[in-house]
Amino acid sequence: DGGITQSPKYLFRKEGQNVTLSCEQNLNHDAMYWYRQDPGQGLRLIYYSQIVNDFQKGDIAEGYSVSREKKESFPLTVTSAQKNPTAFYLCASSTTGGRPEAFFGQGTRLTVV
Amino acid sequence: AQSVTQPDIHITVSEGASLELRCNYSYGATPYLFWYVQSPGQGLQLLLKYFSGDTLVQGIKGFEAEFKRSQSSFNLRKPSVHWSDAAEYFCAVEAGSGNTPLVFGKGTRLSVIA
């Protein structure tokens with residue numbers, strides 16, 4: 002089955018710890034994205050990548066880091082510099098050019114205590 | 002910069018009634034337009050999309066949307082709502098190149114009552 006897999010679904014971390022969220026896709030999409038979702042805020046773009054070994058900051062990149070070493074994988078690290086990391090994180094992928102259609106993973110809910 | 006406005010934070014409709022969710026965008030050219038639906042704690046599912054051509058587009062689950070260039074709007078409609086349609090709905094735009102990230106509205110939560 003083709004799709005996007007985010008893991009874990011729920012994640013708990015102590016304040017001050019870095020944590021990495023996994024996102025894997027087998028759709029052969031070039032572009033991958035990380036969004037953060039908070040109640041009433043919609044989806045806000047954290048980082049995106051349109052090609053392996055390259056990525057760009059989105060609107061709320063501070064306190065986050067990413068890597069894109071493989072086409073299939075786009076992990077997100079929430080660092081201790083992120084002031085309010087508790088949120089629902091969504092990964093997506095899409096084709097580039099033409100008429101794109103973005104597919105989303107099931108999300109990871111991160112709670113920092 | 003592109004922006005998307007969904008004026009209604011929460012809408013309640015009776016089962017069997019019609020539904021219209023509003024979406025307005027701000028962008029110079031005609032962007033690509035999308036509607037997504039999200040059930041609680043889940044990812045987003047694409048309902049429908051508009052790239053060009055016929056301004057009335059059909060989607061899954063009986064939804065349709067109409068692009069109105071003069072009003073910069075892309076409203077989502079359904080003639081008869083089912084209880085299972087209760088969810089959050091997001092309108093999104095892309096610059097029209099296929100090479101930029103989606104920009105989302107803040108969403109409209111739909112409640113369905115018997």
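Those sequence lines, one after another, are chains A and B.
Just add 1 to the spot in the first sequence (first one is 1) and you have this note's numbering.
Just add 1 to the spot in the second sequence (first one is 1) and you have this note's numbering.
Backbone N, C-alpha and C fix where the C-beta goes; we use that ideal spot for every residue, glycine too.
query	result
Between the stretch 93-111 of chain B and the stretch 35-50 of chain A, can you find at least three pairs of beta-carbon atoms closer than 8 Å?	yes
Since L49(B) and G60(B) should fall inside the 8 Å C-beta cutoff, what is the C-beta to C-beta distance between them, to a whole number of angstroms?	3 Å
When the Cα atoms are used, what is the spatial distance from I61(A) to V79(A)?	12 Å
Taking Cβ-Cβ distances shorter than 9 Å, what residues in chain B pair up with L77(A)?	Within 9 Å Cβ-Cβ: nothing; L77(A) doesn't reach chain B, min ~15 Å.
DSSP three-state call for R70(B): helix, strand or coil?	helix
Going along the chain, which residues of its own chain have a beta-carbon closer than 6 Å to the beta-carbon of W84(B), five neighbours each way excluded?	E16, V113
Please report the distance separating the alpha-carbon of Q72(B) from that of Q3(B).	15 Å
Please list the terminal residues of the continuous beta strand (DSSP E) segment that includes K58(A).	55-58
Can you tell me which of the three DSSP states G63(B) falls into?	helix
Using a C-beta to C-beta distance shorter than 9 Å, which residues of chain B count as neighbours of R37(A)?	Per Cβ cutoff of 9 Å: no residues; R37(A) is ~11 Å from chain B at best.
List, in chain order, every chain B residue whose beta-carbon is nearer than 9 Å to that of R118(A).	Residue 118(A) falls outside the range modelled here, since chain A spans only 2 to 114, and no answer is possible.
Just the chain B side, please: which residues come within less than 7 Å of Y65(A) by C-beta, in chain order?	By Cβ distance, chain B contributes nothing, its closest Cβ being about 15 Å from Y65(A), past 7 Å.
Which residue spans inside the stretch 24-110 of chain B form an unbroken alpha helix (DSSP H) run of at least 4?	none
Would you mind reading off the limits of the beta strand (DSSP E) that contains S4(B)?	4-6
Quick one: which residues of the stretch 92-106 of chain B get their C-beta closer than 7 Å to a C-beta of chain A? List them in chain order.	E95, G99, N100, P102, L103, F105, G106
What did DSSP end up calling G12(B) once you bin it into helix, strand or coil?	The question names Gly, but residue 12(B) is Ile in the sequence shown. Three-state DSSP puts I12(B) in a strand.
Tell me, please, whether the CB atom of G44(B) is closer than 8 Å to any CB atom in chain A?	yes
Have a look at A30(B), C92(B), L57(B) and flag the residue whose alpha-carbon is nearest the alpha-carbon of Y37(B).	C92(B)
Going by beta-carbon coordinates alone, are K10(A) and Q83(A) separated by less than 8 Å?	no
For A88(A) and chain B, any beta-carbon pair shorter than 8 Å?	no
Just the chain A side, please: which residues come within less than 7 Å of K50(B) by C-beta, in chain order?	E102
Does L28(A) come out as helix, strand or coil in the three-state DSSP assignment?	coil
For a contact meaning CB atoms closer than 8 Å, what does T97(A) contact in chain B?	G99, N100
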